[in-house]
Amino acid sequence: AFPHVDPSVLRHDLAYPAMLTFLPHGLLGLVVASLIAAFMSTISTHLNWGSSYVVNDFYKRFINPEASEKRQVLVGRLSTVGLMILAGILALLLSNALQAFHILLQIGAGTGLLFILRWFWWRINPYSEITAMVVSFVVAVYLQLIHPRTGLPEISTPVRLAVGVGITTICWITVTLLTKPTESKTLRSFYRLVQPGGPGWKRVIDKARQDGEFLEAAKQSWDVPTGILCMVLGCFAVYSALFATGYWIYGRHTLANILTVIAVVSTYVLTKAWKRLRLAS
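According to the numbering used here, the sequence shown is numbered sequentially starting from 5.
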């Protein structure tokens, strides 16, 4: 399909473009139209998501809680344009799709610990989450785009992830301890609704007991550990199935068999654990 391409740049990701060269004109046009539609749908969805987060979770909550509908619409439009410009600038800095994937992976690694610990520790507040997301993004951009241009020694992917997690965790824990905790009424309402349980909520339970409320009586079992187990099993099942499919296609049967077994076992255990989770809730 590409006889004049340098062999050094031939990779698996060229398989799809190579396939397109063999399609007749009608099917090729249909594929191009589908790609454009998917691209436009993805862009519009994420811009709408981003602007809604800016308006509802940041502007209306921290800057102007009494904002009118007209003001919120204006802020939403401005934030949409701003996010689009920032995304365009970031796209120009990226040299390939793999860098974008690594940035997303870095951000997820930095914020992942916070998103898990908020079920176990009452002290985590909105400022903790904002700090984690901002710091993890800044660290990810630096490690992926800026650090390689500084002339400093290259950092391997595992080390980058560890550095990102460490810096982000230190920052959001510091901000958590320096900012005011969430209102007691909100914490109790959250506990009553979600029942996170665990020793990290003991202070909230004790304070409620002093005020005549008994939060721990609402539920006898604590299903968060089961939920986390289901999350881990789900990740194993999904990613094992994805990579197994690829290895089957490439004819690497040993790895395909191993990953298929892992996917099947993970799915089976997940169904059993999920039944316990639903019964507990």
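Glycine included, every Cβ here is placed at the ideal spot set by N, Cα and C.
By the neighbour-count criterion, in which a residue is buried when 16 or more other Cβ atoms sit within 10 angstroms of its Cβ, Ile253 is exposed. Judged by DSSP secondary structure, Glu73 falls within the alpha helix (DSSP H) whose first and last residues are Glu73 to Leu97. Your pair Ala144 and Gly168 checks out as a contact, with CB atoms roughly 6 Å apart and the cut at 8 Å. Judged by their CB atoms, Leu97 and Leu51 are not nearer to each other than the 8 Å cut-off.
In the displayed model, Thr186 falls within coil according to three-state DSSP, outside both helix and strand. Just so you know, the alpha carbons of Thr249 and Pro21 end up roughly 20 Å apart. Burial is judged here by how many other beta carbons sit within 10 angstroms of a residue's own beta carbon; Tyr272 has fewer than 16 and is exposed. Taken atom to atom, the span from the alpha-carbon of Ser140 to that of His8 is near 41 Å.
Sorting Gly80, Pro185, Arg122 and Tyr243 by C-alpha distance to the C-alpha of Gly204 places Arg122 at the top. Here Asn129 has Thr180, Thr183, Lys184, Pro185 and Thr186 as same chain residues with Cβ atoms under 8 Å from its own Cβ, once five neighbours each way along the sequence are excluded. Per DSSP, Pro21 is one residue of the alpha helix (DSSP H) stretching across Ala19 to Leu24. If the five residues before and after Leu24 are omitted, its C-beta is found closer than 8 Å to the C-beta atoms of Leu32 and Val35, all from its own chain and listed in chain order.
Taking each of Leu39, Cys175 and Ala277 in turn and checking the Cα distance to Thr230, the smallest one comes out for Ala277. The residues Gly80, Ser83, Thr84 and Leu87, in chain order, have a CB closer than 7 Å to that of Ser55 in the same chain once the five nearest residues on each side in sequence are set aside. Taking a 10 Å sphere around the C-beta of Ile111, we find 16 or more other C-beta atoms and assign the residue as buried. In this structure, the beta-carbon distance from Gly114 to Thr178 does not fall below 8 Å.
Around Arg164, the same chain offers Leu147 as residues with beta carbons nearer than 6 Å, after the five sequence neighbours per side are excluded. 8 Å or more divides the Cβ of Glu217 from the Cβ of Arg256. CA-to-CA, the gap between Ile40 and Val142 works out to about 30 Å.
Judged by DSSP secondary structure, Phe141 falls within the alpha helix (DSSP H) whose first and last residues are Pro130 to Val145.
Taking the CA atoms as reference points, Phe247 sits about 8 Å from Ala260. By the CB criterion at 8 Å, Ser132 and Trp176 fall inside the cutoff. Bounds of the alpha helix (DSSP H) holding Ser45 are His29 to Ser56. Considering only Ala241, Phe119, His106 and Leu281, the residue with the shortest C-alpha distance to Ile159 is His106. Put simply, the backbone Cα of Ile67 is about 25 Å away from that of Thr49. Contact between Cys234 and Leu281 holds, since their C-beta atoms are separated by about 6 Å, short of 8 Å.
Pro69 is classed as exposed because its beta carbon has fewer than 16 other beta carbons within 10 Å across all chains shown. A check of alpha carbon separations from Gln103 across Val198, Leu156 and Thr161 identifies Thr161 as the nearest.
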